[in-house]
Structure formats: structure tokens, C-alpha cells
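Single-structure report; data block below.
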Amino acid sequence: MDHETSTGHVTRKTVLRAALAAGMAAPAVLMGVPALARTVTDATGVAPELTPACDDGDDPTPSQTEGPYFKPNSPRRSSLLEPGVPGVRLRVSGYVFGRACRPVSGALLDFWQADTNGAYDNTGFRFRGHQFTGADGAFALSTIVPGLYPGRTRHIHVKVQAPGRPVLTTQLYFPGEPRNNTDPIFDARLLMSVRDAGGGKEAAFDFVLDVPQDPGPTPTPTPTPTAPGGTWAVGTAYRAGDAVTYGGRGYVCLQAHTAQPGWEPPAVPALWRAA
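Be aware that the sequence shown starts at 8, since it is given in our numbering, and climbs by one per residue.
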């Protein structure tokens with residue numbers, strides 16, 4: 008179930024696990040772009056074939072222990088940052104999907120974590136907060152990189168719940184942490200993809216909930232009319248290196264994908280570079 012799909016495509020989990028086994032971090036070039044596999048390269052520098060699914064279709068995000076520090080009734084907020092609080096700034100973003108790889112809107116995400124010294128606020132709600140996904144299933148959290156404390160590697164706790172469905176309690180981890188090898192709770196399937204960004208860090212992770220969904224509509228192979236003033240078109244399958252024009256400017260494709268509304272070249276620098 009972690010090797011190939013029925014169509015012969017390597018699954019997203021297989022790609023990520025292969026990268027981890029090789030000691031490579033999966034680049035976050037697609038952070039902010041839904042339902043695309045994160046890419047890795049092997050020793051030859053060739054990226055493996057991408058999979059269009061966000062998950063294997065049978066493996067929801069694994070659950071983990073809640074631990075002793077959860078508190079209910081956290082404030083609703085997408086930023087846990089407060090003036091004067093020390094720590095390396097971190098932005099975590101991603102999507103919440105169901106079993107058919109369709110986004111789950113209105114999903115609750117409740118985050119809690121240690122401060123930079125590895126301490127939890129058990130009297131108030133510092134570094135605690137909840138939010139809901141938008142119509143596209145997206146979420147974003149502004150916080151800091153949590154500190155270490157005895158017995159655990161670096162991690163962030165989260166509860167995720169689709170409307171009217173059971174709660175998933177789990178934890179998110181950071182690649183390259185020495186304690187990942189000694190923490191008995193650590194699960195490599197819960198590793199975020201992390202990169203440096205402007206003195207801080209950016210991380211990405213997509214949750215897949217055990218929520219039944221009808222399959223989405225089959226994309227039409229016929230491209231829609233070209234965008235005004237350019238050759239870029241919704242429905243077109245672009246490959247890395249393809250050149251298009253949009254709004255009177257040229258762009259080069261950075262990542263193989265099928266164009267969708269909202270993914271116009273100026274709007275998604277992760278997919279297109281101005282020529």
C-alpha cells in the first residue's frame with residue numbers, strides 16, 4: 008500500500024519515505040499549492056515521477072498520543088506569536104484532505120507546543136490556539152520552533168477534526184533532528200518539509216483525515232481557451248521547462264502540473280518563474 012497505485016504510479020508517501028531513507032529533505036517548493044507531491048531527487052539529480060494524489064487513498068494521517076499538556080478552550084487564532092517572545096519564527100502551512108484527496112473545509116485544527124526553552128504554559132494559553140480551514144482546505148500557523156525537553160524530540164501537537172467527524176490527535180516533527188532516532192514516539196510519516204526563510208523557517212504538511220468522499224470530477228483532457236494575452240491555459244499539462252506567456256510576460260515552468268484556475272503564473276511562483 009506504500010509502493011505503487013493501481014495505475015503504477017509511485018505513491019506520495021513512498022516518495023517522501025524514499026527521500027528520508029536517503030537522508031534528503033523533501034523540498035518545499037510547492038508550499039501553498041494543494042494536492043501536488045513534494046519533490047525529491049535521487050543521486051543522479053533526476054526527480055521521480057510525480058503523483059497527482061495527495062495520499063495513497065488508504066492511509067489517513069496516523070494518530071499519536073495527546074500527552075500531558077493539552078488544554079481545551081484555546082483561543083481562536085492563526086498566530087501564536089506575542090511581542091517579545093524569543094524563538095526562531097516558524098510558519099506551518101498545508102491542507103486538510105479527505106480519503107478521496109478532496110479538501111475539507113471548516114476543519115478544526117487545535118495546536119499546542121513548548122516554548123523555545125521546552126516549557127509548556129499550563130496556566131494560560133501561550134503557544135496554544137485553534138483555527139479552521141477555508142473553503143480550499145488550507146491552514147497556516149505562525150509560531151516559533153519549539154524547544155527540546157527531556158525524553159522528546161522537537162514536535163508540535165495538533166488535533167484535527169472535520170465537521171461532525173472524530174478527532175485526529177497527532178504530532179508534527181522536524182527533519183534532521185538528532186533526537187528523532189531516540190524518541191520512542193517519533194513517527195517518520197509525520198515529518199514536515201522544512202526550509203529556511205528570511206531568518207526563520209517555513210514548514211509544510213498536509214493532513215489526510217479518515218473522511219469518506221466521492222471522487223472528484225475527472226479533469227477534461229481538452230484545455231480551456233487561452234488566457235487573455237497569453238498562451239497559458241487551464242487544463243493544460245505542463246512539464247518542467249515549458250515556456251508560456253501570460254499577461255504579456257513570459258514564464259518558465261518549474262514543476263510538472265496540470266493548470267487550474269487560480270494557478271496563473273504570476274500567482275504561484277512555486278510553479279512558474281518569470282523568464
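Backbone N, C-alpha and C fix where the C-beta goes; we use that ideal spot for every residue, glycine too.
1) Please name the residue, chosen from P185, P79, G206 and W119, that lies closest to S85 on a Cα-to-Cα basis.
2) Using three-state DSSP, classify R256 as helix, strand or coil.
3) Taking buried to mean at least 16 other C-beta atoms within 10 Å of its own C-beta, is E209 buried or exposed?
4) Checking 7 Å against the spacing of the C-beta atoms, do F132 and P82 come in under that value?
5) Taking F146 as the reference, give the member of P110, P93 and V201 with the closest Cα.
6) What is the residue span of the beta strand (DSSP E) that S149 lies within?
7) With a threshold of 16 other CB atoms inside 10 Å of the CB of R280, please say whether the residue is buried or exposed.
8) On the three-state DSSP scale, how would you describe R96?
9) What do you reckon, are the CB atoms on A244 and T265 nearer than 7 Å?
10) Going by CA-CA distance only, name the one from A282, P268 and Q220 that's closest to A250.
11) Based on Cα-Cα distance, which residue from V218, R256 and F214 lies nearest to Y102?
12) Quick check: L87 and G136, are their CB atoms within less than 7 Å of each other?
13) At 3 residues or longer, and completely inside the stretch 63-141: list those beta strand (DSSP E) runs for me, N to C.
14) Using the rule of at least 16 other Cβ atoms within 10 Å of the residue's Cβ for burial, across every protein chain shown, is G144 buried or exposed?
15) What's the gap between the Cα of A54 and the Cα of P79?
The structure says:
1) Cα-wise, what sits closest to S85 is W119.
2) Note: R256 maps to strand in three-state DSSP.
3) Burial call: buried.
4) Yes. Within cutoff.
5) Nearest Cα to F146 within the set P110, P93 and V201: P110.
6) Under the DSSP assignment, S149 falls in the beta strand (DSSP E) whose first and last residues are A145 to I151.
7) With fewer than 16 Cβ atoms within 10 Å of its Cβ, R280 is classed as exposed.
8) Reduced to three states, the DSSP call for R96 is strand.
9) Cβ atoms of A244 and T265: closer than 7 Å.
10) Looking at the Cα atoms, A282 is the closest of the given residues.
11) Ranking the options by Cα distance to Y102, first place goes to F214.
12) Yes. Within cutoff.
13) Counting only runs that start and end inside the stretch 63-141, the beta strand (DSSP E) elements of at least 3 residues fall at 96-104, 115-119 and 135-139.
14) Looking at its Cβ environment, which holds 16 or more other Cβ atoms inside 10 Å, G144 is buried.
15) Because the pLDDT at A54 is just 38, under 50, the model does not fix this residue reliably, and the value given afterwards should be weighed accordingly. Near 43 Å, if we compare the C-alpha coordinates of P79 and A54.
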